[in-house]
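Residues in the sequence shown are numbered consecutively from 1, following the numbering used here. Glycine is no exception: its CB is placed at the ideal position from the N, C-alpha and C atoms.
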Amino acid sequence: MKDIIFATGNAGKMKEVRQILEDLGVSVYSLKDAGIDAEVEENGTTFSQNAVLKAEGIASWCRDNGIPAMPQRSIGEFIVLADDSGLEVDRLNREPGVYSARYMGYDTSYREKNANIVARLEGVPKEERTARFVCAIAAAFPDGRCEVAEGTIEGYIGWEERGENGFGYDPIFYLYENDLSTAELSPEEKNRISHRGRALQKMKELLRKGE
């Protein structure tokens, strides 16, 4: 199987991705690892559309510019993976949704974003705080194919941030079965049940079949 470039600069996400994909026996590079400095406009209306835009956009950029950190290699030797993921809160009309990363601005900390969501749900009972994480992962293959896998996890929005093991919205997203936030789970447990973990497990099967 070809090595992978995963189109993200998020260190927390890369840690999860490498853990889940390690049994493929390939190297997984971030954009930073590959020296890729490219911006892809994510103007799709769904997570899947944005993932495809990102994967195909990075692959196209590399065909035109090469791989700066690995000039001896071409993009034809890699599969480009990209994800779009986010939080949907039912009581807030499924916000922030596909705008999860941009919610309240890119420069706004997740502590502020989380506090805003919790504040908007003030007085709302547990049964009406339903939410889910959604992840779509696209794989752009050297032959021009693009495959997509999706994963979701259902839960609810808590009343405070809890946990140190996650990132982003993890500290306010709680699971009904144990009332723990996804930031309170061990990395192994989170990777097993998370939206990204589920999408990556499906993607692994697509990669094995595709190669």
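**Item:** Beta-carbon spacing of I157, I193 below 8 Å
**Value:** As a first step, residue 157 must be located in the sequence shown, where it is residue number 157. As a first step, residue 193 must be located in the sequence shown, where it is residue number 193. In this structure, I193 does not lie closer than 8 Å to I157 by Cβ.
**Message:** With H, G and I counted as helix, E and B as strand and the rest as coil, what does DSSP make of L53?
**Reply:** Translated into positions along the sequence shown, residue 53 becomes position 53. Helix at L53.
**Asked** Between which two residues does the alpha helix (DSSP H) carrying G210 extend?
**Response** Within the sequence shown, numbered from 1, the residue matching residue 210 stands at position 210. Bounds of the alpha helix (DSSP H) holding G210 are 195-210.
**Message:** Considering only their Cβ atoms, is the gap separating A139 from M203 smaller than 8 Å?
**Reply:** As a first step, residue 203 must be located in the sequence shown, where it is residue number 203. As a first step, residue 139 must be located in the sequence shown, where it is residue number 139. Contact: yes.
**Message:** Within the continuous beta strand (DSSP E) that includes R111, where are the two ends?
**Reply:** Here residue 111 refers to the residue found at position 111 when the sequence shown is read from its first residue. Counting along the chain, R111 falls outside any beta strand (DSSP E), though it belongs to the alpha helix (DSSP H) covering 110-120.
**Asked** Hey, would you say V40 sits closer than 8 Å to E88, going by beta carbons?
**Response** Mapped onto the sequence shown, residue 40 falls at position 40. Mapped onto the sequence shown, residue 88 falls at position 88. No, they are not a contact pair.
**Request:** Within the region 14-72, note down every full alpha helix (DSSP H) run reaching 4 residues or more, in order along the chain.
**Result:** Every alpha helix (DSSP H) stretch that sits fully inside the region 14-72 and reaches 4 residues is listed by chain position as 31-34, 47-65.
**Message:** Just to confirm before moving on: does the CB-CB distance between E150 and A136 stay below 8 Å?
**Reply:** As a position in the sequence shown, residue 150 is number 150, starting the count at 1. As a position in the sequence shown, residue 136 is number 136, starting the count at 1. Yes, Cβ-Cβ distance for E150 and A136 is below 8 Å.
**Asked** What residue from S27, E177, N93 has the CA that sits closest to L81's CA?
**Response** As a first step, residue 81 is located in the sequence shown; it is residue number 81 there, counting from the start. Nearest of S27, E177, N93 to L81, Cα basis: S27.
**Prompt:** Should G210 and E147 be called a contact, given that it needs their Cβ atoms to be closer than 8 Å?
**Reply:** Here residue 210 is taken as the residue at index 210 of the sequence shown, counted from 1. Here residue 147 is taken as the residue at index 147 of the sequence shown, counted from 1. In contact: G210 and E147 (Cβ atoms closer than 8 Å).
**Message:** Quick check on A183: does DSSP put it in helix, strand or coil?
**Reply:** As a first step, residue 183 must be located in the sequence shown, where it is residue number 183. DSSP places A183 in coil when its eight states are reduced to three.
**Request:** Check whether the Cβ atoms of C62 and I75 lie closer than 8 Å to each other.
**Result:** In the sequence shown, counting from the first residue as 1, residue 62 sits at position 62. In the sequence shown, counting from the first residue as 1, residue 75 sits at position 75. Pairing C62 with I75 gives a Cβ-Cβ distance under 8 Å.
**Item:** CB-CB length for A7 against D33, believed under 8 Å
**Value:** Position 7 of the sequence shown, counted from the first residue, corresponds to residue 7. Position 33 of the sequence shown, counted from the first residue, corresponds to residue 33. Going by Cβ atoms, the distance from A7 to D33 rounds to 11 Å, so no, they are not a contact pair.
**Message:** Let me confirm a value: N191 is counted as buried when at least 16 other C-beta atoms fall within 10 Å, else exposed. Which label applies?
**Reply:** Within the sequence shown, numbered from 1, the residue matching residue 191 stands at position 191. N191 is buried by the Cβ-count criterion.
**Message:** One question on the structure: do G35 and I5 come within less than 8 Å of each other, judged by their Cβ atoms?
**Reply:** Counted from its first residue, the sequence shown places residue 35 at position 35. Counted from its first residue, the sequence shown places residue 5 at position 5. Their beta carbons are not under 8 Å apart, which means G35 does not touch I5 by this criterion.
**Message:** With the cut-off set at 8 Å, would you say D83 and V98 are in Cβ contact?
**Reply:** Counted from its first residue, the sequence shown places residue 83 at position 83. Counted from its first residue, the sequence shown places residue 98 at position 98. Contact: no.
**Asked** If you follow the beta strand (DSSP E) that E128 is part of, which residue opens it and which one closes it?
**Response** Along the sequence shown, one-based indexing puts residue 128 at 128. Careful: E128 lies outside any beta strand (DSSP E) and carries neither H nor E.
**Item:** Enclosing beta strand (DSSP E) for A101 [first to last residue]
**Value:** For the purposes of this step, residue 101 is identified with residue 101 of the sequence shown, where counting begins at 1. Looking at the DSSP string, A101 is not in any beta strand (DSSP E), and its letter there is neither H nor E.
**Prompt:** Does the separation of the CB atoms of M1 and L207 fall below 8 Å?
**Reply:** On the sequence shown, position 1 is the one that residue 1 refers to. On the sequence shown, position 207 is the one that residue 207 refers to. L207 sits close to M1, with the two beta carbons spaced by under 8 Å.
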